[in-house]
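Visitor:
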Amino acid sequence: MDFAKIEKKWQDKWEKSKCFQVKEDSKKNKYYVLEMYPYPSASFLHMGHVRNYTLGDVYARFKRMQGFNVLYPMGYDSFGLPAETAAKKVGIHPKKYTEDSIKKIMEYQKALGNSYDWSRVISSHEPEYYKWNQYFFLKLYEKGLAYRKKAPVNWCNKCESVLANEEAEGGKCWRCGEQVVKKDMEQWFFKITKYADKLLNDLDDIDWPEQIKTMQRNWIGRSPGVEIDFEINNKKWKVFTTRPDTVFGVTFLVMGIKHPNLFDIVTEKQKKSVEKFLEKINSATEEDLNKLEKEGVFTGSYAINPVTGDKVPVYASNFVVADYGSGMVMAVPSHDQRDFEFAEKYNIPMKIVVQPEDHLSPERMTQAYTGEGRLVNSGDFDGLLNDEAKEHITKFLEEKKLGKRTVNYKIRDWMISRQRYWGTPIPIIYCDKCGEVPVPEKELPVLLPEKVDFKTAGNPIATSKTFVNVKCPKCGGKGRRETDTMGGFVDSSWYFLRYCDPKNKTKPFDPKKTDYWMPVDQYIGGAEHAVMHLMYARFFVKALKDLGLTNFNEPFRKLFNQGIVYKDGAKMSKSYGNVVYQTDISKQYGIDTARLFLMSVSSPDKQMEWNSDGVEGSFRFIKKVFDYVEDVKINKTTDAKIESKLNKTIKQVTEQIENFDYNLAIIGIRGFFDSLPEKTSKDVLEKFLKLLHPFCPHTTEELWEKLGNKNFISLEKWPKFDEAKINDKFEKQEKDVEDLINDINNILRIVGDAKKKKVFIYTLPNEKEIYSEYADLIKKKTNLEVFIFAVNDAKKYDPENKSKKSKPSKPAIYLE
RNA sequence: GCGGGUGUGCCAGAGUGGUCAAAUGGGCAGGACUUAAGAUCCUGUGACUUAGUGUCUGCGUAGGUUCGAACCCUAUCACCCGCACCA
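The numbering used here puts the last residue of the first sequence at 1210; the count rises by one with no breaks.
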């Protein structure tokens, strides 16, 4: 079996025949299988990649054989930092670096034998692709969904450059080691928050792992509550709370120290101490900030509690997030742990307003009470269960115009701008007269300048004068082009749409085509994208729908998270130095072995420990199949036993592949193969090959051809099972025979006498025929000469009269 | 701290109330074949016991529910992954 030759042969044939290229066909049901497109940073594939791609290919091949029109494309997420870093370090242009990598990766991917439609390859760094990023940006900008505002970025003073989070790890600049500071700079955003509710609610309609949905729900962080007006120095300030039931217990207010209007309420007298406090917090490094406990400072002002009229002090503290809610909270130390800790530290009194059965008293409390109880010290609301009181007090506040219901979200707008070269230029021009001016659509794409200086600090793109200095599209005056580029998540938010129509020159895609193919039926990728890519892509699709460009709500109907491949206790990756390359295995055993092995060791959604030992087993199996099919004698008929087992196997394997229980499916296929007799029918063989095909496409194509078929097994119909042919009687028989064999072997072991050469089996008269059918098997498994008698057989050989022990399904045994 | 997950035999990994001493593969041991090695095939692989039997121990640890638990519940430990003061 020359697997290298076989692989090459079929990969060439597939490519030449274009058999995996698809087009829209209204007569056929479509199925869109997609793996998250890879970032082409590494020019090799390791077992983690092979596992991921095989996972998708098995599904695509399975669905194709089931008669679906399967779209299964591949492409490259080719913009991004690593290429730029390489350019700076080694002096290779990111474009060359990227395109070289893509070439290599593609070569390795093709060697996997996956059934991609290679005519649809896209790379996001190509102008034909990123042009449409710019187009979408302009559309979103028109609708007010793209906007610019100040936001903090990582900044290195020495390099005078913005740093990506990865470059600012540990709060130090990766290049010079300088302390990284947070600096407010103008940044571009997409208004994902506008879609918060849709993003949350539509999760119910998609078939994703619960874990990912939960992560997205938490990330969106919807919390309904009330905004209450507190008066400070005769001015109303809004305060958001989810616990209006505790409003009578407010003993102080806290404003976030980053609140833009903090100094409006700081009194002259307190100014110095507030400033000192801010200085202290600001000088702390990013790392220390996370460990910092709740600290605060009195602002000098007092607020009036709208329901009690009490005057309570207003503090500023680091524990309040300035850009959530109103950036200020009402503190109820008796019923909120954070407020409790703060109050203890600064000796602020507390007031109990929710009283549980076992009475609380402020003196004895060691932590806040956040449970259920009845209201006390709350005026007319006393006696209500606090849960009911929430609603009553909210109504009261609304009636008295002291507050109103609102919903807050944790999710923030999506910051898309990067002060980086290797990305899509943002199509905006700044003009002294006209301000921020979008580039007219017909001037797209705004090409990324190739000749830039990677040596100087800052964003390399800014070194291209021809790029930066342009005329204002509005007034023709002097303009300056935006030098920020879009982060890579913009690219990956719609690439699955481009696959539907990858060569379209006039539009990002033809809606007729996306309407046919979308949504992606089965998306496959790592869980690490739970709240980034998967959220952005959902937002994008929803926004595009509102722009009238598409007709569907969700991009990915089903999602499957593959498990990570580990080795020596760490995730397989180049940086850990524990990679096993695709070629390490394929050279020695062939790629089908690698595929089969990876799919059989464990459930695909679980992490797995790489262990090369097991590969042998998969290799042996493929070899056995190969030898068997080459030498098998073809029988015209098939006996009912095999027929039953075959149909049962088809039934189970079909279900198992559908549910991604690939490991179990393979066990079933192997089990069926083991039960094949020396002679078998072509039909059985062909069905068996079809079941195996998604896992071992090359081997099965080769054997399919050997059986005299001229077409591709890849395009054959998935076998159907016939429930009527499944007969459990055979299974019972098999089990009985197996028991018998075990018994014989058991006796052999007990007597410890290797001299036994013959086994005499005494069955009930009506069972003799059944056991006789298995005589060969019994011989094989016991290594004894087999004689089978019915108990009433007058001529039977039975010197010890064992035959009287015979029972139904349990023949008697005598060894000699 | 919160949320999610995992913990099974020498190893990897199935199994989620009885049919479980626990699939499948690997490793290891023994046997067949062979001049030999390899390949292939068969058997065994918790303990004790037994002409095909029976008993005990056992699925992170400790309890509980049940006629019955690897599987359900409670507590606990370990590891992994997210989020991280969101009022």
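Cβ coordinates follow ideal geometry from the N, Cα and C atoms, glycine included.
Around the Cβ of residue 841, are there at least 16 other Cβ atoms within 10 angstroms (buried) or fewer (exposed)?
Guide: exposed
Visitor: Counting along the chain, where does the alpha helix (DSSP H) carrying residue 863 start and finish?
Guide: Careful: residue 863 lies outside any alpha helix (DSSP H), inside the beta strand (DSSP E) at 863–865.
Visitor: In three-state terms, what does DSSP make of residue 877?
Guide: coil
Visitor: Please return the same chain residues whose Cβ sits closer than 6 Å to the Cβ of residue 617, not counting the five positions on each side in sequence.
Guide: 636 and 802
Visitor: With DSSP as the reference, identify every bridge partner of residue 601, one or two as the case may be.
Guide: 952
Visitor: Roughly how many angstroms lie between the CA atoms of residue 900 and residue 1088, to the nearest whole one?
Guide: 37 Å
Visitor: For the beta strand (DSSP E) containing residue 578, list its first residue and its last residue.
Guide: 575–584
Visitor: List the whole-angstrom C-beta distance separating residue 675 from residue 712, where the pair is believed to meet the contact cut-off of C-beta under 8 Å.
Guide: 5 Å
Visitor: Closest to residue 703 by C-alpha separation, out of 649, 725 and 642, would be which residue?
Guide: 642
Visitor: Within 10 Å of its beta-carbon, does residue 461 have 16 or more other beta-carbons around it, so buried, or fewer, so exposed?
Guide: exposed
Visitor: Taking DSSP as the reference, what is the three-state secondary structure of residue 509?
Guide: Of the three classes helix, strand and coil, the one that applies to residue 509 here is coil, per DSSP.
Visitor: Should residue 440 go down as buried or exposed, given a rule of 16 or more other Cβ atoms within 10 Å for buried?
Guide: The residue in question, residue 440, is buried, as its Cβ has 16 or more Cβ neighbours within 10 Å.
Visitor: Taking all protein chains shown into account, do 16 or more other C-beta atoms lie within 10 angstroms of the C-beta of residue 608, making it buried, or fewer, making it exposed?
Guide: exposed
Visitor: Taking all protein chains shown into account, do 16 or more other C-beta atoms lie within 10 angstroms of the C-beta of residue 657, making it buried, or fewer, making it exposed?
Guide: exposed
Visitor: Tell me whether the region 924–931 and the region 958–973 touch, counting them as touching only if at least three CB pairs, one residue from each stretch, are closer than 8 Å.
Guide: no
Visitor: So is residue 850 buried or exposed if we call it buried at 16+ other beta carbons inside 10 Å?
Guide: Classified as exposed, residue 850 has fewer than 16 neighbouring CB atoms from the shown chains inside 10 Å of its CB.
Visitor: If you drop the 5 nearest sequence neighbours on each side, which residues of the same chain put their C-beta closer than 6 Å to that of residue 477?
Guide: Cβ-Cβ distances below 6 Å link residue 477 to 488, 491, 492 and 816 in the same chain, with the five nearest sequence neighbours on each side left out; the list follows chain order.
Visitor: My output table needs one value for residue 753: the three-state DSSP class, helix, strand or coil.
Guide: coil
Visitor: Given this structure, state the Cα-to-Cα distance separating residue 1011 from residue 857, to the nearest angstrom.
Guide: Just so you know, the alpha carbons of residue 1011 and residue 857 end up roughly 58 Å apart.
Visitor: For residue 649 versus residue 722, is the C-beta distance shorter than 8 Å?
Guide: yes
Visitor: For residue 529, which residues from the same chain have a beta carbon less than 7 Å from its beta carbon, with the 5 sequence-adjacent residues on both sides left out?
Guide: Answer for residue 529: 835, 838 and 902, listed in chain order.
Visitor: In three-state terms, what does DSSP make of residue 1152?
Guide: strand
Visitor: Which residue wins for smallest C-alpha separation from residue 499, given the options 473, 468, 573 and 514?
Guide: 468
Visitor: Can you give the Cα-Cα distance for residue 776 and residue 706, rounded to whole angstroms?
Guide: 21 Å
Visitor: What's the gap between the Cα of residue 1000 and the Cα of residue 993?
Guide: 11 Å
Visitor: Do residue 729 and residue 697 count as a contact pair if the criterion is CB distance below 8 Å?
Guide: no
Visitor: Residue 1158 and residue 1185: beta carbons closer than 8 Å?
Guide: Yes, these two residues count as a Cβ contact at 8 Å.
Visitor: Could you tell me the alpha carbon to alpha carbon distance between residue 979 and residue 438, rounded to whole angstroms?
Guide: 13 Å
Visitor: Please determine if the region 407–419 and the region 504–512 are in contact, where contact requires at least 3 C-beta pairs separated by less than 8 Å.
Guide: yes
Visitor: Pull up the CB-CB distance for residue 1093 and residue 1019, whole angstroms please, since I reckon it's below 8 Å.
Guide: 7 Å
Visitor: Nearest CA to the CA of residue 798: which residue from 1079, 632 and 615?
Guide: 632
Visitor: What are the boundary residues of the alpha helix (DSSP H) that includes residue 1194?
Guide: Note, residue 1194: premise wrong, no alpha helix (DSSP H); not H, not E.
Visitor: Specify the secondary structure class of residue 1130 as computed by DSSP and reduced to three states.
Guide: helix
Visitor: In three-state DSSP terms, what is residue 487?
Guide: coil
Visitor: Going residue by residue through the region 993–1033, where are the continuous alpha helix (DSSP H) segments of at least 4 residues, counting only ones entirely within it?
Guide: 1009–1025
Visitor: Taking just the CA atoms, how far does residue 695 sit from residue 628?
Guide: 11 Å
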